[in-house]
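Written below as structure tokens is the structure these notes are about.
Number of protein chains: 2
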Amino acid sequence: MIELAILGLLKDHPMHGYQLSRELTDQLGGLWKVSYGSLYPTLRRLERQGAVEATSGTPGTGGGRRKTVYRITEHGEALFLQLLEEPIHDGAAEDARFRVRLVFFRYLPPETRIRLLDRRRQGLQDRLAGVKAAIRSAADADDEYTRALMEHGRAATETDIAWLTGLIQHERTRYGITAPQGDRRRAQATLRRKERTA
Amino acid sequence: MIELAILGLLKDHPMHGYQLSRELTDQLGGLWKVSYGSLYPTLRRLERQGAVEATSGTPGTGGGRRKTVYRITEHGEALFLQLLEEPIHDGAAEDARFRVRLVFFRYLPPETRIRLLDRRRQGLQDRLAGVKAAIRSAADADDEYTRALMEHGRAATETDIAWLTGLIQHERTRYGITAPQGDRRRAQATLRRKERTA
DNA sequence: GTATCCATATATCAACCCGATATAGCGGGG
DNA sequence: CCCCGCTATATCGGGTTGATATATGGATAC
Chain A
1 MIELAILGLL KDHPMHGYQL SRELTDQLGG LWKVSYGSLY PTLRRLERQG AVEATSGTPG
61 TGGGRRKTVY RITEHGEALF LQLLEEPIHD GAAEDARFRV RLVFFRYLPP ETRIRLLDRR
121 RQGLQDRLAG VKAAIRSAAD ADDEYTRALM EHGRAATETD IAWLTGLIQH ERTRYGITAP
181 QGDRRRAQAT LRRKERTA
Chain B
199 MIELAILGLL KDHPMHGYQL SRELTDQLGG LWKVSYGSLY PTLRRLERQG AVEATSGTPG
259 TGGGRRKTVY RITEHGEALF LQLLEEPIHD GAAEDARFRV RLVFFRYLPP ETRIRLLDRR
319 RQGLQDRLAG VKAAIRSAAD ADDEYTRALM EHGRAATETD IAWLTGLIQH ERTRYGITAP
379 QGDRRRAQAT LRRKERTA
């Protein structure tokens, strides 16, 4: 989802690659450092797709070194919004993905924001249920570190959920939106374990 | 570090690929799911390196389907220990790496365990310092979600540190090892930000 | 019995991303 | 003056994921 990050930053004002890198690193408080090996190829791909335009490839008059400044196009704006809302394949590396998305939440209407936050919270609660099931199954079996690891998973996930809940609350009171009733997904924690005959 | 995971599991007893996948998924409480796209190629690479041996490629007498059972070699054991202690390039995806490592901590002597745990904690404290610096710099600038994101980074990192501290304490009292005095790395939080003239 | 479905088991693929590295221009300090 | 460090772009190899293809065996339904 480096595309999302690039488009989101260019939406503010045109930039060149190096600037994008620093800006994004700062925005995330150093939690995610974009790699040049991802950045520059992605910029060129976005240009091929017509989502960004490269302006002033070589220095014009005085001096200044070579700089390729990119500007977002209308097509890029559309792509940006689409990526921002796109359904999430939750998995291991999806945590970072969500963080990047959050940086650009201000570009979404409040209802959509809350919907996405809720979806994310549901995903975390599923994960929590899975971890809890694993803890129950492990009990006294497995060694001390494996159990500590699971406890960590539980603590970390609960921290995340608490943080998200606070964010959602804040959002709701701010816009006076009440929680929906139906549409509650089940936890489904797939707790097969310890029952294999080998 | 899927190699570490594979070798660590095979150290217990020989297994085939699918079994490794499930075993590892369970050990981590569903926090990391190995992908077959990593697993099988890695198994063959380890075999080429002589770290594991494939036994009984085809079903022997009765029936049973095709199964390739792998067994760890002496060279594999050495490689395992080396990987387990190897210095860590801390970054974004290093969290998962540490979790995998923890699963096999029981194979290390107590002093080494404490050393690795301490190193990890120091890394997290550096990260925390960075996030805190970012929060101070951001202050009122940046939007609400960026600030919320940084708060999350702080909360999550603090949760991790607290968990680690507990683990270290437990370990120390268990083996009666006192904390070392010197050798304290500095935080070094590189807090350049907001001072670019554009 | 047999048709069907699901879990087992291995394998490959494109896409993505990271870390390291190479290259230059430029500015400042010793 | 020379070297170091920051800016700026670029490329490479390698690891990881997610999706998908393939069989086979066991269970269940009919």
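Listed in order, the protein sequences are those of chains A and B.
Going by this note's numbering, the first sequence opens with residue 1, and the numbers climb by one from there.
Going by this note's numbering, the second sequence opens with residue 199, and the numbers climb by one from there.
Backbone N, C-alpha and C fix where the C-beta goes; we use that ideal spot for every residue, glycine too.
These numbers come from a predicted model, not from an experiment.
Got a sec: is the Cβ-Cβ distance from residue i to anything in chain B below 7 Å?
i, result
"Ala54(A)", "no"
"Leu102(A)", "yes"
"Arg115(A)", "no"
"Thr159(A)", "yes"
"Leu167(A)", "yes"
"Arg136(A)", "no"
"Gly60(A)", "A caution first: Gly60(A) carries a pLDDT of 45, below 50, which makes its placement in the model unreliable, though a value can still be read off. For Gly60(A), the answer is no, since every Cβ of chain B falls outside 7 Å of its Cβ."
"Gln27(A)", "yes"
Under 6 Å: does the beta carbon of residue i sit that close to some heavy atom of the ligand GDP?
i, result
"Ile270(B)", "For the structure depicted, the ligand GDP is absent and the ligand set is empty, with no information on it obtainable."
Quick check on this structure: which residue in the options has the alpha carbon closest to the alpha carbon of residue i?
i, options, result
"Pro109(A)", "Leu43(A), Ala133(A), Arg172(A), Gly37(A)", "Arg172(A)"
"Asp118(A)", "Thr73(A), Ser38(A), Arg71(A), Asp160(A)", "Asp160(A)"
"Leu162(A)", "Leu124(A), Asp26(A), Asp140(A), Val103(A)", "Strictly speaking, residue 162(A) in this sequence is Ala, with Leu absent from that position. Minimum Cα distance to Ala162(A) is reached at Leu124(A)."
"Asp224(B)", "Pro41(A), Arg48(A), Ala138(A)", "Ala138(A)"
"Val301(B)", "Gly227(B), Pro212(B), His273(B)", "Gly227(B)"
"Tyr238(B)", "Asp324(B), Leu222(B), His214(B), Gly248(B)", "His214(B)"
"Arg136(A)", "Arg154(A), Arg121(A), Leu43(A)", "Arg154(A)"
"Ala51(A)", "Asp140(A), Pro14(A), Leu24(A), Lys33(A)", "Pro14(A)"
"Ile72(A)", "Leu43(A), Tyr18(A), Arg99(A)", "Leu43(A)"
"Ser219(B)", "Tyr268(B), Tyr234(B), Thr344(B)", "Tyr234(B)"
"Met199(B)", "Gly374(B), Trp230(B), Gln217(B)", "Trp230(B)"
"Glu47(A)", "Glu74(A), Ala129(A), Glu94(A)", "Glu74(A)"
"Gln217(B)", "Tyr268(B), Glu201(B), Gln247(B)", "Tyr268(B)"
Is the shortest distance between the beta-carbon of residue i and the beta-carbons of chain A less than 7 Å?
i, result
"Phe303(B)", "yes"
"Val329(B)", "yes"
"Arg264(B)", "no"
"Met348(B)", "yes"
"Ala353(B)", "yes"
"Asp341(B)", "yes"
"Leu229(B)", "yes"
"Arg319(B)", "no"
"Leu389(B)", "The pLDDT assigned to Leu389(B) is 39, lower than 50, so where the model puts this residue is not dependable; a value taken from the coordinates is nonetheless given after this. Not one chain A Cβ lies under 7 Å of Leu389(B)."
"Gly261(B)", "Because Gly261(B) carries a pLDDT of 47, less than 50, the predicted location of this residue cannot be relied on, and no value is offered for it."
"Thr344(B)", "yes"
"Arg297(B)", "yes"
"Gln323(B)", "no"
Just confirm the distance between the C-beta atoms of residue i and residue j, as a whole number of angstroms; I'd bet it's less than 8 Å.
i, j, result
"Ile312(B)", "Ile366(B)", "7 Å"
"Leu205(B)", "Leu277(B)", "6 Å"
"Leu83(A)", "Tyr107(A)", "The Cβ separation is near 11 Å, so there is no contact."
"Ala252(B)", "Leu222(B)", "Not really, about 19 Å apart at Cβ, beyond 8 Å."
"Thr157(A)", "Val131(A)", "6 Å"
"Arg99(A)", "Leu347(B)", "6 Å"
Uninterrupted beta strand (DSSP E) stretches inside the segment 45-121 of chain A (no shorter than 3 residues): 52-55, 69-72
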